[in-house]
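Chains A and B, in that order, give the protein sequences. Throughout, the working numbering is defined as the position within the first sequence, counted from one, plus 467. Throughout, the working numbering is defined as the position within the second sequence, counted from one, plus 972. Note that beta-carbon positions come from the ideal geometry of N, C-alpha and C, so glycine has one too. As structure tokens, the structure follows; a few thoughts come after it.
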Amino acid sequence: SQQGEEDPQALSIQEGENATMNCSYKTSINNLQWYRQNSGRGLVHLILIRSNEREKHSGRLRVTLDTSKKSSSLLITASRAADTASYFCATVFQGAQKLVFGQGTRLTINP
Amino acid sequence: GAGVSQSPSNKVTEKGKDVELRCDPISGHTALYWYRQSLGQGLEFLIYFQGNSAPDKSGLPSDRFSAERTGGSVSTLTIQRTQQEDSAVYLCASSFQGAYQETQYFGPGTRLLVL
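As structure tokens, this is what we get:
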């Protein structure tokens, strides 16, 4: 499968702690995107990182990309209860015309 | 401006009936995508429309599934002779140009339950 695979499948932490989620893929990519989904509904785009980029920040979010290891990580700092959601990585593979989503990481922030 | 909208929010139907799901993309977005998400799973690509080009139907699971996009805007996903395994959340997304290099903006989804 060309799908990105998130790790862990589920993560539960205390409010205020940092949360790290990982995504691995198998073939060369054009870009990798992270999305958040609340309550099984529509997804919200968080960050897009291109294959020639190594790190991007957006507020409390930090995304890294290691193309040599074919992996990406999403770090959420100082987590809040509102961060409770499922997080998906999605990849655009070179030569492909699809955005392929992984299975997601279910993040729970405990108050 | 308004985001992507989908209707209905929820649909319950009986096995064997046909259903139509509607998606209104963001105005000005030329690309429109349909995905399916089964409970606790990731998104499964169904179909992709880009401007006036022939749609990419490679993700449609069977010939019971079809989709149209009229006037380059509103899209309808039709499932004929529904089966219980069609139960899922159907998500629509749009993007400005659809080069797969861009952000996709998702609607809230239609939750379909086939009894």
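Reduced DSSP category for residue i - H, G, I as helix; E, B as strand; rest coil
i	result
B:A1003	strand
A:I480	strand
A:A545	coil
B:E1074	coil
A:E520	coil
B:T1054	coil
A:D474	strand
B:V996	Going by the sequence as given, residue 996 of chain B is Asp instead of Val. B:D996: strand per DSSP, three-state reduction.
B:T1042	helix
B:D1028	strand
Within 8 angstroms, strictly: CB atoms of residue i and residue j
i	j	result
B:R1036	B:G988	no
A:S518	A:N498	yes
A:Q481	A:S553	no
B:C1064	B:G1079	yes
B:L1015	B:L1049	no
A:G569	A:G471	yes
A:L513	A:L528	yes
A:A548	A:P578	yes
B:C995	B:V1046	yes
A:V530	A:I543	no
B:P980	B:T1082	yes
7 angstroms Cβ cut-off: residues of chain B touching residue i
i	result
A:R508	P1080 and G1081
Cross-chain neighbours of residue i in chain B, by beta carbon under 8 angstroms
i	result
A:Q570	Q1013 and G1014
Cross-chain neighbours of residue i in chain B, by beta carbon under 9 angstroms
i	result
A:H524	Within 9 angstroms Cβ-Cβ: nothing; A:H524 doesn't reach chain B, min ~17 angstroms.
Contacts that residue i makes with chain A (C-beta to C-beta distance below 9 angstroms)
i	result
B:Q1052	None at all; the shortest Cβ gap to chain A is about 24 angstroms.
B:Q1076	Q500, Y502, L510, H512, A557 and L566
B:F1017	K565, L566, V567 and F568
Residue i: first and last residue of the uninterrupted beta strand (DSSP E) it sits in
i	result
A:N498	I496 to Q504
A:D533	L528 to D533
Chain-ordered neighbours of residue i on chain A, where CB pairs are closer than 7 angstroms
i	result
B:L993	Per Cβ cutoff of 7 angstroms: no residues; B:L993 is ~14 angstroms from chain A at best.
Inset, instruction - Would you check if the region 523-543 of chain A and the region 485-503 of chain A touch, i.e. whether three or more CB-CB distances between them fall below 8 angstroms? - result: yes
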